[in-house]
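The block underneath contains the structure these notes are about, expressed in structure tokens.
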Amino acid sequence: MRDENIPSWLLELEPEDYEFMHRFILTSGSLKKMAKEYGVSYPTIRLRLDRLIQRVSVKSKKEGYISLIKDLALEDEISFEAAKKLIAAYRKERKEVEP
Numbered sequence: 006m007r008d009e010n011i012p013s014w015l016l017e018l019e020p021e022d023y024e025f026m027h028r029f030i031l032t033s034g035s036l037k038k039m040a041k042e043y044g045v046s047y048p049t050i051r052l053r054l055d056r057l058i059q060r061v062s063v064k065s066k067k068e069g070y071i072s073l074i075k076d077l078a079l080e081d082e083i084s085f086e087a088a089k090k091l092i093a094a095y096r097k098e099r100k101e102v103e104p
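Start counting the sequence shown at 6; every next residue gets the next number (the working numbering).
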């Protein structure tokens, strides 16, 4: 798979997140099995999964907004220059807001 086909939200995850997802798949999504493998309680694994879901959700929404702007430019509804300015302003604003 080429890098341009990989969603940006996936590229922004930490190595621990990839390992967690790998184990999640191999255990058929069983949080009980994952808790046993990690040697922690079920609520701890559930919390970790919830945090991962939240990070992916936030990153996906950000990607969705940028994709919308790009689509508008490709469909000639806005100029490419306007699209670039909107995306740059959005990224700058997000960096100022995100810790």
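Glycine included, C-beta positions come from ideal geometry on N, C-alpha and C.
For residue 11, the three-state secondary structure derived from DSSP is coil. In terms of CA proximity to residue 29, 57 leads the group 16, 87, 57, 14.
Its Cα nearest to that of residue 53, the residue 24 stands out among 77, 11, 24.
By the neighbour-count criterion, in which 16 or more other beta carbons inside 10 Å mark a residue as buried, residue 88 falls on the buried side.
Where residue 22 is concerned, the enclosing alpha helix (DSSP H) starts and stops at 20-31. Between the alpha carbons of residue 42 and residue 12 lies a distance of about 29 Å. Here residue 69 carries a helix assignment [DSSP, helix/strand/coil].
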